[in-house]
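Numbering (the numbering used here), first residue to last: 24 to 469.
Even glycine gets a Cβ: it sits at the ideal position worked out from N, Cα and C.
In structure tokens, the structure reads:
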């Protein structure tokens with residue numbers, strides 16, 4: 024939490040006490056979330072270094088997240104405060120099995136624990152809300168906050184959402200810093216492969232529900248000195264019967280360089296370790312189409328994604344940032360708005376054509392609510408070699424089973440077991456077998 028947002032949060036708290044705080048207090052929520060996680064990454068063949076020894080990674084940890092979400096003060100303009108405290112504890116991993124990006128690392132080993140605090144001041148007028156602070160977690164087509172480890176990734180800046188017009192949601196904002204999922208400090212914003220930072224990520228977009236079944240989307244974002252990105256999306260759900268439907272989900276991204284990218288090597292993009300028409304420059308068009316048929320507890324999804332030939336798909340990614348001593352900032356771990364952002368790999372290199380499918384089943388249909396399972400497979404072909412000559416392929420298979428207690432003292436206690444297998448050829452990433460076991464529980468005080 025930093026001085027500007029802290030001062031504003033305190034000021035709004037005082038205002039709430041003085042100016043009709045009934046809604047501020049009565050609508051408040053306070054909860055404590057616990058996450059216990061075991062992570063096992065079995066490293067196999069490294070195609071770039073055949074025969075090289077690659078140590079496995081085994082980690083276990085405990086995360087806690089305390090969230091306070093206030094209501095709004097009464098009046099034409101309502102004010103409020105949201106606060107979040109995060110604490111991560113390294114349980115064990117075994118000597119020689121660290122270096123997984125699971126915990127902060129000072130170059131001597133994983134930290135025993137780490138913590139951070141963030142807060143947002145917020146205001147509401149009619150159907151419009153604004154948030155300013157250091158505990159923002161956007162979930163938008165052009166930016167998805169990552170929550171794949173013990174603690175969530177958060178951002179600092181300001182956002183606004185308006186629903187003044189029926190069926191239309193407008194989102195806009197500017198972000199300046201990120202707090203990584205394995206870090207207690209903040210960094211600037213960047214892309215994969217770059218150690219340079221930007222403090223201006225601006226975005227704006229709209230979601231328009233043309234009919235109850237059809238939603239259209241357009242978003243624009245700009246990470247200063249790195250890239251500009253346009254997004255177009257459409258989702259349609261055709262209801263066949265009460266327990267039967269067919270969903271179409273179409274997504275298109277157009278990304279190009281901005282400012283110093285392509286002109287200053289410090290701002291180069293590594294194109295996800297793949298080919299680029301112009302080294303380090305961002306130049307990509309990616310489209311994806313998904314179709315899901317649902318019948319009772321069954322859901323079958325198939326789709327295809329094509330990454331343009333000129334360079335890899337780009338998204339906000341601080342994983343390459345390091346401090347003055349050359350040690351990683353611990354800001355790795357980022358997500359993006361495509362199905363191929365899978366358990367191990369991203370399938371996002373130049374020229375890659377990925378065909379994917381997933382079958383999932385909700386056992387509530389058999390009288391076991393809270394139990395769900397899924398199996399996914401992705402295969403990427405036509406990935407361009409870094410030289411531009413020749414191609415290679417890769418595939419991944421992910422399985423997952425989740426169960427959440429539906430009643431009793433520990434209602435809401437959830438268990439998740441996930442297993443992924445990745446294999447590739449040629450210049451692909453190193454082969455991996457990965458397993459995760461996660462226990463989640465949230466207790467609400469208010």
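Exercise. Give me the Cβ distance between residue 402 and residue 418, rounded to the nearest whole Å; I'm assuming they're in contact under 8 Å.
Key: 4 Å
Quiz item: Per DSSP, what kind of secondary structure is residue 148 in: helix, strand or coil?
Solution: strand
Exercise. Report the rounded CA-to-CA distance for residue 466 versus residue 96, giving the unit in angstroms.
Key: 25 Å
Quiz item: What are the partner residues of residue 65, as DSSP defines its beta bridges?
Solution: 456
Quiz item: Hey, which unbroken runs of the beta strand (DSSP E) at 3 residues or more fall wholly within the stretch 175–209?
Solution: 177–185 and 191–202
Self-check item: Chain-order list of residues whose beta-carbon lies under 8 Å from that of residue 149 (same chain, five-residue window excluded)
Solution: 187
Quiz item: In the DSSP assignment, what residue or residues form a beta bridge with residue 337?
Solution: Its beta-bridge partners do not exist; DSSP assigns none.
Exercise. Starting from residue 322, trace the beta strand (DSSP E) both ways and give me its first and last residue.
Key: 321–330
Self-check item: residue 299 classed as buried or exposed, judged by whether at least 16 other C-beta atoms fall within 10 angstroms
Solution: buried
Quiz item: What are the start and end residues of each continuous beta strand (DSSP E) run of 3 or more residues lying completely inside the stretch 348–418, in chain order?
Solution: 376–385 and 394–407
Practice problem: Could you tell me which of 225, 303, 113 and 105 sits nearest to residue 58, measuring between CA atoms? | Solution: 113
Quiz item: Start and end of the beta strand (DSSP E) containing residue 298?
Solution: Segment: none, residue 298 is in no beta strand (DSSP E) and carries neither H nor E.
Self-check item: Cut-off 6 Å between Cβ atoms - residues of its own chain near residue 451, not counting five sequence neighbours on either side
Solution: 70, 415 and 417
Quiz item: According to the neighbour-count rule (16 or more other Cβ atoms, all chains shown, within 10 Å of its Cβ), is residue 372 buried or exposed?
Solution: buried
Quiz item: Do residue 83 and residue 47 have their C-beta atoms within less than 7 Å of each other?
Solution: no
Quiz item: So which of 222, 247, 301 and 328 has the shortest CA-CA distance to residue 274?
Solution: 328
Quiz item: In the DSSP assignment, what are the bridge partners of residue 70?
Solution: Residue 70 is not bridged to any residue.
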